[in-house]
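Asks: Numbering (the working numbering), first residue to last: 1 to 361.
The beta carbon of each residue, even a glycine, is placed where N, CA and C say it ideally should be.
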Ligand SMILES: [Zn+2]
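(1) Where residue 124 and residue 300 are concerned, what is the direct C-alpha to C-alpha distance, given to the nearest angstrom?
(2) Hey, residue 199 and residue 157: beta-carbon distance below 7 Å or not?
(3) Which whole runs of the beta strand (DSSP E) in the region 124 to 166 are 3 residues long or more, in chain order?
(4) Going by alpha carbons, who is nearest to residue 43 out of 327, 54, 91?
(5) Over the uninterrupted alpha helix (DSSP H) stretch that includes residue 87, give me the two end residues.
(6) Would you identify the three-state DSSP class for residue 112, choosing helix, strand or coil?
(7) Can you grab the Cα-Cα spacing for the pair residue 228 / residue 60, in whole Å?
(8) Looking only at its chain, what residues have a beta carbon closer than 6 Å to the beta carbon of residue 291, apart from the 5 residues adjacent to it on each side?
(9) Go ahead and pull the three-state DSSP assignment for residue 353.
(10) Determine the closest residue to residue 48 out of 313, 78, 87, 93, with distance taken between C-alpha atoms.
(11) Could you check whether the Cβ of residue 288 sits closer than 6 Å to any heavy atom belonging to ligand 3?
(12) How big is the Cα-Cα spacing for residue 336 and residue 354?
(13) Helix, strand or coil for residue 181 per DSSP?
(14) Let me check one thing: in DSSP terms, what residues is residue 290 bridge-paired to?
(15) For the region 313 to 326 against the region 99 to 109, are there 3 or more C-beta pairs whose distance is under 8 Å?
(16) Give the straight-line distance between the Cα atoms of residue 174 and residue 54, rounded to the nearest whole angstrom.
(17) What residues in its chain sit with their C-beta under 6 Å from that of residue 135, if we drop five residues either side in the sequence?
(18) What is the DSSP secondary structure of residue 41, reduced to helix, strand or coil?
(19) In this structure, how does DSSP classify residue 168 when only helix, strand and coil are distinguished?
(20) Leaving out five residues on either side along the sequence, give the residues of the same chain with a beta carbon under 8 Å from the beta carbon of residue 86.
(21) Give a single yes or no on whether residue 241 has its beta carbon closer than 6 Å to a heavy atom of ligand 1.
(22) Can you list, in chain order, every residue whose CB sits closer than 6 Å to a heavy atom of ligand 1?
(23) With a Cβ-Cβ cutoff of 7 Å, do residue 213 and residue 264 count as a contact?
(24) Taking buried to mean at least 16 other C-beta atoms within 10 Å of its own C-beta, is residue 133 buried or exposed?
(25) Is residue 348 helix, strand or coil by DSSP?
(26) Less than 6 Å between C-beta atoms, sequence neighbours within five positions excluded: which residues of the same chain meet that for residue 29?
(27) From 351, 344, 279, pick the residue whose C-alpha is nearest to that of residue 302; which is it?
(28) Can you say whether residue 32 is buried or exposed, counting buried as having 16 or more other CB atoms within 10 angstroms of its CB?
(29) How should residue 261 be labelled, buried or exposed, when 16 other C-beta atoms within 10 angstroms of its C-beta is the threshold for buried?
(30) Using a 10 Å radius around the Cβ and a threshold of 16 neighbouring Cβ atoms, would you call residue 347 buried or exposed?
(31) Should residue 58 be labelled buried (16 or more other beta-carbon atoms within 10 Å of its own) or exposed?
(32) Among residues of its own chain, excluding the 5 on either side of residue 340, which ones have a beta-carbon nearer than 7 Å to its beta-carbon?
(33) What are the residues that DSSP puts in a beta bridge with residue 230?
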C-alpha cells in the first residue's frame, strides 16, 4: 500500500515539475546506480517541484497539524535525532538539485539557494547572514504558540545536509532558539550543542493540548485552519514512519496527547452535552488535518473519518487513530472500535461505540 502510494506521488510530482519547466532539470533522472535508496529520487522530485512552484503550493499543512507533528517528534527520545537525519538527507538532495541549476561561487551564494528553498516550502519569512566561518539563519514567526520545546530539528537537519554538501565537510546546525520556546523567532547556527536542551515532555504536551483544545472550540467546521508550509515539503519527513521504533513512539505520544486534549476540551464545560462533544471531536480531527470526519450517529456514537490522499499511509493513519482513540476515550468516556478500509487509494476509518450498556437508561 505505502509503496504504491509513494510511486504515485513521485510520478505526480515529477510530472508537474516537468510541466512547469522545473528550475534545473535535477528532477529524478536517476544517474548511475544511486537508486539503492528509494527515497532519494522521490525527495529530488519533490524538491524540484517546490522550487519550480516558487512557493505557490495549493496544498499546505494547517499550522496545528504541523505543530502536532513537530511537538510529538521533538519529545520522543530518538525520534528527534531521526528527524534531524531525515532533514540532512533532504538537504543533501536539495544541494544536488540546486547546484545543478546554479553555479555557486561562494558560500553566501549557496546559502541563498537554501534559504530560497525554505521560503518556497512555506517558511516565507526566512533571512540569513553568511560569514566566512559561520552561517546564521532566522525564521521569523509571529504569534507562534509557546510549547516549551525547540521544534525545528528537521529544518536544522536540512540546513546541515545542504551546507555539508556545499562545503564538502560535515557542518552541524542547531536550532539555538525557537519561537515555540520562549524566543520571538527561530534561530539556527552552524554550531553543535554541547548539551542539547531536553524539553519537559509533560509540560510541552499539556501546552500543545491547551492550544489544540482552544482552537478546536473556535474552529470553523467547514473550512480548514490555514497554513503556509507545503504539504509535499512536509511529506519529506514522512518516510520515517516506516521505521518501527519511530512509529511506535509516535503512536504512544499521540495517544497520550489525545487524552490530554480530550480532558481539556470536555472537562471544562458542559460535562453532559454528549452531542457537543461529538462535534468537538470532529472539529479537532479536522483542525489536525487528519481528514474529513463525518458524524453518522451521535447516540450510539458512530463517526467515519476519510483520510486525505496525501495522508493515506498506514503508519500515519495508525498514529492519527491513536490520538483519536485517546480523544474519544477521555471525551466520551466510552470505548470504540475502529475498522479501516481503503477506498480509491485513501483510508476511511469507521469508529463505532462498543460499550453501549453504560449509556442505556
Ligand atoms: Zn523553531
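Replies: The structure says:
(1) Against the chain shown, residue 124 aligns to sequence position 124. Against the chain shown, residue 300 aligns to sequence position 300. Distance between the alpha carbons of residue 124 and residue 300: 45 Å.
(2) For the purposes of this step, residue 199 is taken as the residue at position 199 of the chain shown. For the purposes of this step, residue 157 is taken as the residue at position 157 of the chain shown. A distance of 7 Å or more separates the beta carbons of residue 199 and residue 157.
(3) Within the region 124 to 166, the complete beta strand (DSSP E) segments at least 3 residues long are 126 to 130, 135 to 140, listed from N- to C-terminus.
(4) The residue labelled residue 43 in the question sits at position 43 within the chain shown. Residue 43 has its Cα closest to that of 91, out of 327, 54, 91.
(5) Looking up residue 87 in the chain shown gives position 87. For residue 87, the enclosing alpha helix (DSSP H) begins and ends at 79 to 101.
(6) In the chain shown, residue 112 corresponds to position 112, counting from 1. Note: residue 112 maps to helix in three-state DSSP.
(7) In the chain shown, residue 228 corresponds to position 228, counting from 1. In the chain shown, residue 60 corresponds to position 60, counting from 1. Those two C-alpha atoms are separated by around 6 Å.
(8) Stepping through the chain shown from its first residue, residue 291 is reached at position 291. These residues qualify, in order along the chain: 305, 306, 307, 308.
(9) Position 353 of the chain shown, counted from the first residue, corresponds to residue 353. Secondary structure of residue 353 (DSSP, three-state): strand.
(10) In the chain shown, residue 48 corresponds to position 48, counting from 1. Scanning 313, 78, 87, 93 for the CA closest to the CA of residue 48 turns up 93.
(11) Ligand 3 is absent from the structure shown, which contains only ligand 1.
(12) Looking up residue 336 in the chain shown gives position 336. Looking up residue 354 in the chain shown gives position 354. Cα-Cα distance, rounded: 5 Å.
(13) Locating residue 181 in the chain shown gives position 181, where the first residue counts as 1. Here residue 181 sits in coil by DSSP.
(14) Mapped onto the chain shown, residue 290 falls at position 290. Per DSSP, none; premise fails for residue 290.
(15) Touching, no, given that fewer than three Cβ pairs across the two stretches are closer than 8 Å.
(16) In the chain shown, residue 174 corresponds to position 174, counting from 1. In the chain shown, residue 54 corresponds to position 54, counting from 1. One C-alpha to the other measures close to 26 Å.
(17) Indexing the chain shown from 1 puts residue 135 at position 135. Excluding positions up to five away in sequence, the list reads 111, 190.
(18) One-based indexing of the chain shown puts residue 41 at position 41. Secondary structure at residue 41: helix, using DSSP grouped into helix, strand and coil.
(19) Locating residue 168 in the chain shown gives position 168, counting from the first residue. DSSP, reduced to helix, strand and coil, places residue 168 outside both helices and strands of the structure shown, so it counts as coil.
(20) The residue you call residue 86 lines up with position 86 of the chain shown. The answer, listed in chain order, is 154, 157, 236, 237, 239, 240.
(21) For the purposes of this step, residue 241 is taken as residue 241 along the chain shown, with counting starting at 1. It does not: the Cβ of residue 241 is nowhere closer than 6 Å to a heavy atom of ligand 1.
(22) Every residue passing the under-6 Å Cβ criterion appears here: 150, 151, 152, 175, 178, 179, 180, 186.
(23) Residue mapping note: residue 213 aligns to position 213 of the chain shown, counting from 1. Residue mapping note: residue 264 aligns to position 264 of the chain shown, counting from 1. Yes, these two residues count as a Cβ contact at 7 Å.
(24) Here residue 133 is taken as the residue at index 133 of the chain shown, counted from 1. Counting Cβ neighbours within 10 Å, residue 133 comes out exposed, since fewer than 16 surround it.
(25) As a position in the chain shown, residue 348 is number 348, starting the count at 1. Correct three-state label for residue 348: strand.
(26) Counting from 1 along the chain shown, the entry for residue 29 is found at position 29. The predicted position of residue 29 is uncertain, since its pLDDT is 36 and thus under 50; a value taken from the coordinates is nonetheless stated next. For residue 29, where only same-chain residues beyond five positions count, there are no Cβ hits under 6 Å.
(27) As a working mapping, residue 302 is identified with position 302 in the chain shown. Cα-wise, what sits closest to residue 302 is 351.
(28) Residue 32 sits at position 32 when you count from the first residue of the chain shown. The predicted position of residue 32 is uncertain, since its pLDDT is 37 and thus under 50; a value taken from the coordinates is nonetheless stated next. With fewer than 16 other Cβ atoms within 10 Å, it is exposed.
(29) The residue given as residue 261 occupies position 261 in the chain shown. Classification for residue 261: buried.
(30) As a first step, residue 347 must be located in the chain shown, where it is residue number 347. So residue 347 ends up on the buried side.
(31) The residue you call residue 58 lines up with position 58 of the chain shown. It counts as exposed.
(32) As a working mapping, residue 340 is identified with position 340 in the chain shown. For residue 340, where only same-chain residues beyond five positions count, the Cβ hits under 7 Å are 317, 347, 349.
(33) Residue 230 sits at position 230 when you count from the first residue of the chain shown. 60, per the DSSP bridge assignment.
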